[in-house]
Each structure stands twice: as C-alpha cells, then as structure tokens.
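Right, one structure below, let's go through it.
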Amino acid sequence: MIEKRDFYINGQWVAPSQSNDFAVIDPSTEDACAVISLGAEADTNAAVAAAKAALPGWMATPPAERIAMVEKLVEAYQTRGEDLAQAMSVEMGAPIDMARSQQVGAGIYHLKNFIRAAKKFQFEKPLGDHAPNDMIIHEAVGVAALITPWNWPMNQITLKVGAAAISGCTMVLKPSEQSPLNAMIFAEMMDEAGFPPGVFNLVNGDGVGVGSALTAHPDVDMVSFTGSTRAGTAISKSAAETLKKVHLELGGKGANVIFDDADEKAVKRGVLHMMNNTGQSCNAPSRMLVQRGIYDQAVATAVEVANKVSVGPASEEGRHIGPVVNELQWGKIQDLIQAGIDEGSKLVAGGTGRPDGLNKGFYVKPTIFADVNNQMVVAREEIFGPVLAMIPFDTEEEAIEIANDTPYGLTNYVQTQDMARANRMARQLRSGMVEMNGQSRSAGSPFGGMKQSGNGREGGSWGIEDFLEVKAVGGWT
Ligand code: NAD
C-alpha cells in the first residue's frame, strides 16, 4: 500500500492543510493500492499563491531557457518510465504492456513535439507589411489551472504542462483523484528537472473540492480542462464569474465509416481500436458505420474479433484489455448495455456481467451491438467501456448525416480506397479530427474537438498558442 499524502507547492512537498484520506482502488483486484489526501481550499489557495508569485519571473525567462527546462524534463521522464507504467497499471487498470508503450510513450511524444514546435515558434514578430514598426508579442496567459482525467493520465498531463511551461504560464495541476500516483511521480520529475519554485504545483483533490476552488479562484487566469462534457459545462459556468479563459477537451462518440471498398483489415482494426484502453478513450471509434453490401460480413468479423479479445488483470503481461477504472464506471456500463438490450439493439457479442473466470475486479465483456439505429442509447451515449455499436448505411450522404448526428465532434474515421471520397468525407464530417484508413495524424498535429467535444486544441504549436495571449504593440515610428 502506497501512502502519499503531500502536495507539491512552491518547489516543496508539503503536508495537506487538513486530513482527508482517499483510498485509490486497484480496479483489477478491488483492493486499495494507495492512500492520498484530498486537498481543501487552503491547499488550493497556497498553490495558486505560489504560482502567482512565480509568474513574473517565469514570463520574463527567455523562451529558449523555458524550452531547455522542458528538455530536462524529458531526460527525467526517460528514467521514470517504468515507475509511471506501474502506477497507471494499478490505479486505473491499464495493462502493463500497454501502459509502458502507449500510456508512457504518449507523454514523451508530446513533450518532444512541444520542444520541436517551440524552437520554431515566433514569440515576437512584426505585425506585417502595412505597419512595419508594429509588432505582435505572444505572452503567457498567466496562472493556469490544469484539471485532468484518469483515462490517459500522462498523455493529458504532458499535453497541458509541456505547453503551459513553454508559453511562460505558471500552473496548478489537479489530476483525477482516481489516478493521482502517476501525477505525483510527474511532480518528482518536474522537481528533478529544476523548474523554479512555484512554476509547477500539484494539489490532489476531487472536482467538488480542489477542482471547483481552482475554477472559481480570482487569481487563476485560465482553466485547461480535459474530462467529461458534464464537468466541462460546470467548469465553464464557474469560470464565467471571473471571465477566465477556458480550454475544454471533452467527450466523444466517434464514427468509423467503413465503405465497401475499404481494405480487408478495416473491421478488425476498428474493433481493436475501440477496445484499446478498455474502450476508455475520448476518441474511441464507438460507432462503426458499415456500408450495406459488406455489413453482414463486417458483423461476423467484428464478433469473431471481439470474442478473441482477452480480458485480464492489468499487471499481467501480454496482449489483453484490463478492467474499467472503478465500480461506478462498471455499473454505468452495465446499465447502458442493459438499456441497449431493452431498446432492441441486437447483442451479438458480450453483454452484461463479468467475463468468465473474473469474479473480482471491474471487468467488462467486450460487447458488440449490431443493427443499431443512431437514435438508440448505445449510439448516443459515451459509454466509455469496450462496447461497439454497428450501424448500416447505404450512401455517402447517409453516412455523413449519421456520423454528424451527435452532440459530440471529436474524432471521426473513414475507411475507403477512393481518395476523392475520403477527401469529401474529411471536409463534411464535423469533428476536430478525421483519420483515414488506420493512419494516425502526423506528429505534433492539433488534438481537440468541435461541438460538445470542446473548444481548444492541444499538441505542437497549437497547444502552445492556447496558453498565450496575443498582444499587439504599435504607435512607435
Ligand atoms: P470527469 O469529468 O469526471 O473528471 C475529469 C477531471 O475533472 C477530474 O480531475 C475531476 O476531479 C475533475 N472535475 C470533475 N468535476 C469538476 C468540477 N465541477 N469542477 C472542477 N473539476 C472537476 O472525467 P473522467 O471520468 O475523469 O474522464 C473521462 C471523460 O474525459 C470522458 O468523458 C472522456 O471522453 C473525457 N476525455 C476527453 C479527452 C479529450 O481530449 N477530448 C481526453 C480524455 C478524456
């Protein structure tokens, strides 16, 4: 059992202002794996005060020096990869191999992309031809509150901290109370990298406590939030009182549109993509739209693939999916699967209950619903578990209509060998990202959504810009 109650404030580990223990549960075993403390308003105030005091110095630090600090962070990160992977595996159930490669790998990938982008970024530049003496200064927004979820914890923390640090913002990180251990290791890495005291602060806590205190705090200039659309709405309302800048990365219900000329691996790839991280990804392709001529075959393939996905404890090596994060989420997924059955979606793989032989732990059966209509609950709700809804369509126009008929707009996927069609689809799908034929977007490209999936972009130069004000300076000759 790990006991880690302290917070990282002003370059030191400090005891919480009051005792408020929280047990972190290992979802593979349902046993407590750690005890942390949930912070209170006094802890939040101390962290914000430290960030405010450090702001003038950090803003005035030349960008090249700030970038050099992030390079030091990369060095520290490289020595702590295994610690991070072990922490994520016990606290949120990422299978250890996947935690090592994808979860830990994502963090280093983002930090390196920020460094590359920042080296080319013009923090100051002339306004343009019509006013040659005027200039634009990109200046830090100020004190940033960074609020992150548990599902890709290092991915989200590095996307925010890397960009904020390079932009000259100082920050208070509040990670999810479900996954605090990797965030505390990250704070140790920030300390080892040698960031000046107060530039980075970490306070553990929940949404009602530290989360709300940060979003309402008058000395916080910006909130960068990743999490559910429900919490994003609450945060926007709270931040409106002090007119903070609010950056939101929220939920999704991505469509994976498979045309009849798609490559032969498209269906299998789509099912495995959906199941990755046990279906707990905002950009999961959770609605598979399949053209009618290949629909029956696609359902048969999807069932075969889903039935072969093995489920097991996160600590075990080898290819499998783990449990979902906690009991609450397990129960919510069970209810949604049951609602899908009750509503008449055709259950062709998985279903409610735990997989055979896994009676303890928050394990969910890899589940497929076929013949789903886009108005049904399994096509509308972000289930956040290994559950796929398969929807038939006839024409390109119909596929676009179904794909766009959702409050979300994060990522959509297209599988076709007809590049003219792929091009038309990319332009008509209403989402921040469109990915084709199993290829990822290129390194450093912007991540973010439209509609109720959010309003900002993270990663590369777009991520850095989100933490910067644009100041126009003119009038001298
Ligand atoms: P959540 O919204 O419950 O919590 C996210 C974070 O917000 C946690 O740190 C939580 O303590 C905090 N929080 C909750 N309510 C708050 C409030 N009122 N004020 C301030 N802070 C508050 O989400 P979760 O369950 O941790 O994560 C899953 C959700 O995150 C899914 O909806 C998923 O789609 C979304 N997500 C989005 C992206 C993206 O980039 N778009 C990436 C990953 C996850």
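Under UniProt numbering, the first residue of the sequence shown carries the number 1, and numbering increases by one thereafter. Cβ atoms here follow ideal geometry from the backbone N, Cα and C, with glycine treated the same way.
Pick from Asp134, Thr226 and Ala51 that is closest to Phe200, judged by C-alpha positions = Here residue 200 is taken as the residue at index 200 of the sequence shown, counted from 1. The residue with the shortest Cα to Cα distance from Phe200 is Ala51.
Taking C-alpha atoms, which residue in Ile383, Asp296, Ala300 and Gln291 lies nearest to Leu336?
-> Start at 1 with the first residue of the sequence shown, and residue 336 comes out as number 336. Minimum Cα distance to Leu336 is reached at Ile383.
Can you have a look at Asp98 and say buried or exposed, based on whether 16 or more other CB atoms are within 10 angstroms of its CB?
-> Counting from one through the sequence shown, the residue named residue 98 turns up at place 98. Correcting the residue type first, residue 98 is Met in the shown sequence and not Asp. Buried, since its Cβ has 16 or more Cβ neighbours within 10 Å.
Closer than 6 angstroms: Leu358 CB and nearest ligand 1 heavy atom | Locating residue 358 in the sequence shown gives position 358, counting from the first residue. Result no, Cβ not under 6 angstroms from ligand 1.
Simplified DSSP assignment, three categories, for Gly409 = As a first step, residue 409 must be located in the sequence shown, where it is residue number 409. Gly409 falls in the strand class under three-state DSSP.
What whole-angstrom Cβ distance do Gln156 and Thr226 have, given they're in contact under 8 angstroms?
-> Residue numbering aside, residue 156 sits at position 156 when the sequence shown is read from its first letter. Residue numbering aside, residue 226 sits at position 226 when the sequence shown is read from its first letter. About 5 angstroms; that satisfies the 8 angstroms criterion.
Could you have a look at Ala314 and say whether DSSP puts it in helix, strand or coil?
-> The residue given as residue 314 occupies position 314 in the sequence shown. Coil at Ala314, not helix or strand.
Return the CA-CA distance between Gln338 and Leu146, expressed in angstroms with no decimal places.
-> Indexing the sequence shown from 1 puts residue 338 at position 338. Indexing the sequence shown from 1 puts residue 146 at position 146. Their backbone Cα atoms lie some 36 angstroms apart in a straight line.
Gln415, buried or exposed, once every other Cβ within 10 Å from all chains shown has been counted against 16 | Reading the sequence shown from its first residue, position 415 is the one you call residue 415. The residue in question, Gln415, is buried, as its Cβ has 16 or more Cβ neighbours within 10 Å.
In whole angstroms, what separates the C-alpha of Cys33 from that of Met69?
-> For the purposes of this step, residue 33 is taken as residue 33 along the sequence shown, with counting starting at 1. For the purposes of this step, residue 69 is taken as residue 69 along the sequence shown, with counting starting at 1. Using only the alpha carbons, I get a separation of about 32 angstroms.
Distance between beta carbons of Gly107 and Thr158, contact taken as under 8 angstroms | By 1-based counting over the sequence shown, the position of residue 158 is 158. By 1-based counting over the sequence shown, the position of residue 107 is 107. Their Cβ separation, rounded to whole angstroms, is 4 angstroms, which keeps Thr158 and Gly107 in contact under 8 angstroms.
Could you give the C-beta distance for Phe467 and Ala164, rounded to a whole number, given that I count them as a contact under 8 angstroms?
-> Within the sequence shown, the letter at position 467 stands for residue 467. Within the sequence shown, the letter at position 164 stands for residue 164. Contact flag correct, Cβ pair sits at about 5 angstroms.
Using 7 angstroms as the limit for Cβ to Cβ distance, is Asp335 near chain B?
-> Absent from the structure is chain B; it holds one protein chain and no more.
Three or more C-beta pairs closer than 8 angstroms, one from the region 366-379 and one from the region 301-315: is that the case here?
-> yes
Give a yes or no on whether the C-beta atoms belonging to Tyr77 and Leu202 are separated by under 7 angstroms.
-> Within the sequence shown, numbered from 1, the residue matching residue 77 stands at position 77. Within the sequence shown, numbered from 1, the residue matching residue 202 stands at position 202. No, the pair does not count as a contact, with Cβ atoms beyond the cut-off.
From Met419 to Trp13, what distance separates their C-alpha atoms?
-> Within the sequence shown, the letter at position 419 stands for residue 419. Within the sequence shown, the letter at position 13 stands for residue 13. Each residue's Cα considered, the two are about 55 angstroms apart.
Secondary structure of Pro392, DSSP reduced to three states = Along the sequence shown, read from residue 1 onward, the residue named residue 392 stands at position 392. It is a strand residue.
Any chance the region 232-246 sits against the region 216-223, with 3 or more Cβ pairs inside 8 angstroms?
-> yes
Beta carbon of Leu248, beta carbon of Gly454: below 7 angstroms?
-> Translated into the one-based positions of the sequence shown, residue 248 becomes position 248. Translated into the one-based positions of the sequence shown, residue 454 becomes position 454. Against a cut-off of 7 angstroms, the Cβ pair of Gly454 and Leu248 comes out as a contact.
Check the C-beta distance from Val372 over to Ile402 and give it rounded, since I have them as a contact under 8 angstroms.
-> Position 372 of the sequence shown, counting from 1, holds the residue named residue 372. Position 402 of the sequence shown, counting from 1, holds the residue named residue 402. With 8 angstroms as the limit, Val372 and Ile402 do not qualify as a contact, their Cβ atoms being about 10 angstroms apart.
Just tell me which of Met222, Phe259 and Asn256 has its CA closest to the CA of Leu243.
-> Against the sequence shown, residue 243 aligns to sequence position 243. Of the candidates Met222, Phe259 and Asn256, the one whose C-alpha sits nearest the C-alpha of Leu243 is Met222.
Hey, would you say the C-beta of Asn151 is under 6 angstroms away from at least one heavy atom of ligand 1?
-> Here residue 151 is taken as the residue at index 151 of the sequence shown, counted from 1. True, at least one ligand heavy atom lies under 6 angstroms from that Cβ.
Distance between beta carbons of Pro386 and Met274, contact taken as under 8 angstroms = As a first step, residue 274 is located in the sequence shown; it is residue number 274 there, counting from the start. As a first step, residue 386 is located in the sequence shown; it is residue number 386 there, counting from the start. Confirmed, about 7 angstroms.
Taking Cβ positions, are Lys4 and Ile36 nearer each other than 7 angstroms?
-> Here residue 4 refers to the residue found at position 4 of the sequence shown. Here residue 36 refers to the residue found at position 36 of the sequence shown. The answer is yes: Cβ separation under 7 angstroms.
If we count the other Cβ atoms within 10 Å of its Cβ and call it buried at 16 or more, is Ile137 buried or exposed?
-> Position 137 of the sequence shown holds residue 137. With fewer than 16 other Cβ atoms within 10 Å, it is exposed.
Do you know offhand how far Gly198's Cα is from Ala42's?
-> As a first step, residue 198 must be located in the sequence shown, where it is residue number 198. As a first step, residue 42 must be located in the sequence shown, where it is residue number 42. Going from the Cα of Gly198 to the Cα of Ala42 covers about 16 angstroms.
Could you have a look at Phe114 and say whether DSSP puts it in helix, strand or coil?
-> Locating residue 114 in the sequence shown gives position 114, where the first residue counts as 1. Phe114 falls in the helix class under three-state DSSP.
Cβ of Phe362 within 7 angstroms of Cβ of Pro27?
-> For this step, residue 362 is matched to residue 362 along the sequence shown. For this step, residue 27 is matched to residue 27 along the sequence shown. Against a cut-off of 7 angstroms, the Cβ pair of Pro27 and Phe362 comes out as a contact.
My understanding is that Glu435 touches Arg441, with C-beta atoms under 8 angstroms, so please give their C-beta distance in whole angstroms.
-> Taking the first residue of the sequence shown as position 1, residue 435 is located at position 435. Taking the first residue of the sequence shown as position 1, residue 441 is located at position 441. About 6 angstroms; that satisfies the 8 angstroms criterion.
Reduced DSSP secondary structure (H/G/I, E/B, other) of Thr367 = Indexing the sequence shown from 1 puts residue 367 at position 367. Strand at Thr367.
Along the beta strand (DSSP E) that carries Asn20, what are the first and last residues, could you check?
-> Along the sequence shown, one-based indexing puts residue 20 at 20. It is not in any beta strand (DSSP E) - Asn20 carries neither H nor E in the DSSP assignment.
Do Ile67 and Ala23 have their C-beta atoms closer together than 7 angstroms?
-> The residue labelled residue 67 in the question sits at position 67 within the sequence shown. The residue labelled residue 23 in the question sits at position 23 within the sequence shown. Taking 7 angstroms as the Cβ cut-off, Ile67 and Ala23 do not qualify as a contacting pair.
Which residues in the same chain as Glu82 place their Cβ atom closer than 6 angstroms to its Cβ, once the five residues preceding and following it in sequence are excluded?
-> Looking up residue 82 in the sequence shown gives position 82. Contacts found: none.
Can you give the Cα-Cα distance for Gly270 and Asp296, rounded to whole angstroms?
-> Along the sequence shown, one-based indexing puts residue 270 at 270. Along the sequence shown, one-based indexing puts residue 296 at 296. Rounded to whole angstroms, Gly270 to Asp296 spans 16 angstroms at the Cα level.
By Cβ distance, which residues of its chain are closer than 6 angstroms to Asn151, with the 5 residues on each side in sequence left out?
-> Start at 1 with the first residue of the sequence shown, and residue 151 comes out as number 151. Excluding residues within five positions, the ones whose Cβ falls inside 6 angstroms are Gln280.
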